[in-house]
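Visitor: In this note's numbering, the protein residues as written are 6 to 112. For each residue, glycine too, the CB sits at the ideal point set by N, CA and C. A single structure is presented below for examination.
Below you can see the structure in the form of structure tokens.
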């Protein structure tokens, strides 16, 4: 093998090694950005889910708001839930007692 062919092979291997090292360097340079992008995608997905939940909540609140102006029974139901009563109604309230262990008296 002549010296010229030998050096041509060496130059090819060196060039190949340089290209491979450059590709590996580029990959390592972009790896943090790729991970950051994936984190942003996960955050975006979480925020999209939160937005969907809030839209559903707003929809429900608007329906309730509409019911307040159109449905008398709904208004009465909500009023009773928060403690309002009609004139002349009697309200009975019961206290719930917690179950006690044998021999232990509530304070």
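What are the boundary residues of the alpha helix (DSSP H) that includes residue 88?
Guide: Counting along the chain, residue 88 falls outside any alpha helix (DSSP H), and DSSP gives it neither H nor E.
Visitor: What residue does the alpha helix (DSSP H) around residue 97 start on, and which one ends it?
Guide: Element bounds for residue 97: n/a, residue is neither H nor E.
Visitor: Looking at the secondary structure, which residues open and close the alpha helix (DSSP H) in which residue 61 lies?
Guide: Where residue 61 is concerned, the enclosing alpha helix (DSSP H) stretches over 8-75.
Visitor: Alpha carbon to alpha carbon, how far is residue 41 from residue 68?
Guide: Rounded to the nearest angstrom, the two C-alpha atoms are 40 angstroms apart.
Visitor: In angstroms with no decimal places, state the Cα-to-Cα distance between residue 75 and residue 37.
Guide: When rounded, the distance between both Cα atoms is 57 angstroms.
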